[in-house]
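Here the structure is laid out as structure tokens; the discussion comes afterwards.
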Amino acid sequence: MSRDRSDKDNASPRTRRMRTTAVALLVLAGCVNYFDRAAVAVGNPEIRAELGLSFSEMGLLLSAFAWSYGLAQIPAGVLVDRYGARRTLGVGMVLWSFAQLAGGAVHSLHQFLGARIALGLGESPMYIGGTRVCADWFPLKKRALPIAIFNSSSALAPALAPPILTMLMLAHGWRVMFIIAGLAGFVVAALWAIYYRAPRDADIPAADIEEIHRDDGAAIEHVGWSQVLWLLRFPTTWGMFLGFFGVVYVSWLYATWLPGYLEIARHQSIANAGIWSAVPLAAGFFGAVAGGVISDRLGRAGGMDAAATCRLPVIAGLVVAGISTIAAVYVADLSAALALMSLGLFAANVSSSCGWALAAVIAPVNTVATLEAIQNVGGSIGGSLAPLVSGILLDRSGSFVPAFVLAGGISIACAAIYGTMTLRKISVPIGADIAATTATPA
16 MSRDRSDKDN ASPRTRRMRT TAVALLVLAG CVNYFDRAAV AVGNPEIRAE
66 LGLSFSEMGL LLSAFAWSYG LAQIPAGVLV DRYGARRTLG VGMVLWSFAQ
116 LAGGAVHSLH QFLGARIALG LGESPMYIGG TRVCADWFPL KKRALPIAIF
166 NSSSALAPAL APPILTMLML AHGWRVMFII AGLAGFVVAA LWAIYYRAPR
216 DADIPAADIE EIHRDDGAAI EHVGWSQVLW LLRFPTTWGM FLGFFGVVYV
266 SWLYATWLPG YLEIARHQSI ANAGIWSAVP LAAGFFGAVA GGVISDRLGR
316 AGGMDAAATC RLPVIAGLVV AGISTIAAVY VADLSAALAL MSLGLFAANV
366 SSSCGWALAA VIAPVNTVAT LEAIQNVGGS IGGSLAPLVS GILLDRSGSF
416 VPAFVLAGGI SIACAAIYGT MTLRKISVPI GADIAATTAT PA
């Protein structure tokens with residue numbers, strides 16, 4: 016059977032090179048981004064001991080980043096859609112690098128909270144801006160895979176971070192670990208400023224730009240805060256907001272408490288906890304990549320539209336992640352627990368990749384970053400509550416079981432939300448005013 020012409024890449028060599036460069040820079044930036052986030056989780060026992068923090072206070076510190084990150088999402092999305100990804104991400108990279116350096120110099124909980132809040136503000140444009148980059152450079156039906164590759168950095172870095180950061184911490188202390196991660200951010204910011212350009216500034220053929228946006232729906236006229244209110248009129252927007260809460264909640268339970276869980280509940284040394292933590296987190300990386308591959312294959316073999324090929328893996332991934340997370344804390348064998356956690360994070364990251372891709376195919380292209388931002392506010396609420404609530408439950412029960420069971424239940428509930436609330440596209444009927452727009456079937 017012959018392939019549809021939309022499956023062929025007829026872009027010029029320069030366009031293909033620029034696409035590859037853009038995705039490579041996004042992956043690199045995403046890895047450094049997550050190294051910065053993971054530093055507190057890896058340094059958890061040492062930081063807690065040096066600053067004299069309780070489990071609840073440590074949970075607050077682990078969640079501080081997510082609160083500021085979440086609150087900044089919608090402003091960051093508006094800035095990306097208005098000023099472009101190059102400028103917005105570049106400024107964010109510089110800010111988050113300064114914040115990470117500050118984290119290595121703190122001497123109290125309040126100072127540390129300030130540094131983590133600044134880190135959240137700086138990193139807030141990263142993933143919404145990266146998704147907009149993919150929407151700017153790739154045609155509608157080809158966006159899921161590059162978005163998944165880029166999004167895989169959110170799983171690759173947490174997989175690499177525990178062993179690498181643990182070695183740095185054991186050799187030089189947790190403060191040096193923070194400083195090295197901060198300096199890496201400045202290097203990425205310089206590379207981004209030198210090598211990334213939006214298609215309109217990259218000297219690529221006009222035919223390539225036309226092909227990229229051939230299947231996009233009509234763009235909305237007003238880019239700014241008005242588009243936030245417009246997007247909030249659609250049930251699909253709220254379904255993505257609520258559903259992504261579960262995607263990030265279950266992921267951040269692992270990202271923030273996995274090393275501590277292995278030390279406290281499974282009685283592993285700091286070094287072993289750092290090594291074993293990498294196993295489920297590595298599975299998460301493969302899940303992030305697999306999400307894009309699954310979506311791409313569903314589109315080619317199943318004849319589904321782009322929205323359905325993203326939505327179905329999100330739902331299935333959340334169900335598997337929830338069941339695996341609950342089962343993991345009830346098995347006595349460490350190997351079995353790690354296998355179940357690996358399956359859970361693999362599935363959660365399938366959902367994450369396809370959740371990010373969904374926004375890039377279900378709404379007008381010049382609202383992608385803002386829709387991603389609204390969705391990620393829900394995710395950030397989940398990310399901020401997961402470490403905090405888990406710490407409180409651990410303090411009160413002396414066990415990780417309630418925290419993992421709660422995360423699994425939330426994951427399954429959010430699968431149902433995606434399955435019932437994201438069935439309609441967000442679109443502007445030709446000739447219609449935004450104020451009169453209603454959702455149309457996907």
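When you line the sequence shown up against our numbering, it's residues 16 to 457, in that order.
Glycine included, each C-beta is placed from N, C-alpha and C at the ideal position.
Could you tell me the alpha carbon to alpha carbon distance between GLY332 and ASP311, rounded to whole angstroms? 16 Å
Using a Cβ distance threshold of 8 Å, determine whether the region 214-228 contacts the region 68-86, with at least three qualifying pairs required. no
In whole angstroms, give me the CA-to-CA distance for ALA205 and LEU198. 11 Å
By Cβ distance, which residues of its chain are closer than 6 Å to SER366, with the 5 residues on each side in sequence left out? VAL262, VAL329, GLY332 and LEU333
Mind checking TYR210: buried by the 16 CB within 10 Å criterion, or exposed? exposed
For THR252 versus ILE441, is the C-beta distance shorter than 8 Å? yes
I'd like the list of long-range same chain contacts for PHE301, defined as Cβ closer than 7 Å, with 5 residues on each side in sequence excluded. PHE361
Could you compute how far the alpha carbon of ALA159 sits from the alpha carbon of SER123? 43 Å
Using the three-state DSSP reduction, which class does MET319 fall into: helix, strand or coil? coil
Give every residue of the same chain whose Cβ lies closer than 7 Å to the Cβ of ASN59, excluding the five residues on either side of it in the sequence, and list them in chain order. MET73, PRO274 and GLY275
When MET141, THR181, GLY413 and VAL346 are compared against ALA293, the one with the closest alpha-carbon: THR181
Using 8 Å for Cβ pairs, my map puts SER169 next to GLY45. What's the rounded Cβ distance? 6 Å
Could you tell me the distance, in whole angstroms, from the CA atom of GLY337 to the CA atom of GLY424? 6 Å
For ILE341, which three-state DSSP category applies? helix
Kindly indicate the opening and closing residues of the alpha helix (DSSP H) around HIS122. Per DSSP, HIS122 belongs to no alpha helix (DSSP H) and is neither H nor E.
Classify TYR345: buried if its beta carbon has 16 or more other beta carbons within 10 angstroms, exposed otherwise. exposed
Which residues bound the alpha helix (DSSP H) around TYR211? Element bounds for TYR211: n/a, residue is neither H nor E.
Residue from VAL416, ALA150 and GLN88 whose Cα sits closest to the Cα of TRP272: VAL416
With a Cβ-Cβ cutoff of 8 Å, do SER357 and ILE162 count as a contact? no
Candidates PRO402, TRP245, ALA372 and LEU400, of which the one nearest PRO154 by Cα: ALA372
Integer-rounded CB distance, given that ALA79 should sit under 8 Å from ARG131: 4 Å
Assuming contact is defined by CB atoms lying nearer than 8 Å, are SER12 and ASP320 in contact in what I supplied? In this structure the chain extends from 16 to 457, so residue 12 is not present and cannot be described.
Would the region 86-95 count as touching the region 134-145 if we require 3 or more Cβ pairs under 8 Å? yes
Do the CB positions of PHE201 and LEU41 come within less than 8 Å of each other? no
Is the CB-CB distance between GLU61 and TRP189 below 8 Å? yes
Among residues of its own chain, excluding the 5 on either side of LEU268, which ones have a beta-carbon nearer than 8 Å to its beta-carbon? THR340, ALA401, PRO402, SER405, ALA418, PHE419 and ALA422
At the level of alpha carbons, what is the spacing between ALA388 and ILE89? 5 Å
Relative to the C-alpha of CYS429, which residue among ALA342, ARG439, VAL265 and ALA286 is closest? VAL265
Excluding sequence positions up to five away, which residues of its chain have a Cβ less than 8 Å from the Cβ of ALA447? Residue confidence is low: ALA447 scores 48 on pLDDT, short of 50, so the model does not pin down where it sits. Its coordinate-derived value is still stated next. Once the five neighbours on either side are set aside, ALA447 has no close Cβ partner at all.
Helix, strand or coil at PHE165 according to DSSP, with G and I counted as helix: helix
Among the residues of its own chain, which have a CB less than 7 Å from the CB of ILE427, if the five just before and after it don't count? LEU333, VAL334 and GLY337
CB contact flag (GLN390, PHE259, <8 Å): yes
As assigned by DSSP and simplified to three states, the class of ASN25: coil
Please classify ASN381 as buried or exposed, where buried requires at least 16 other C-beta atoms within 10 Å of its C-beta. buried
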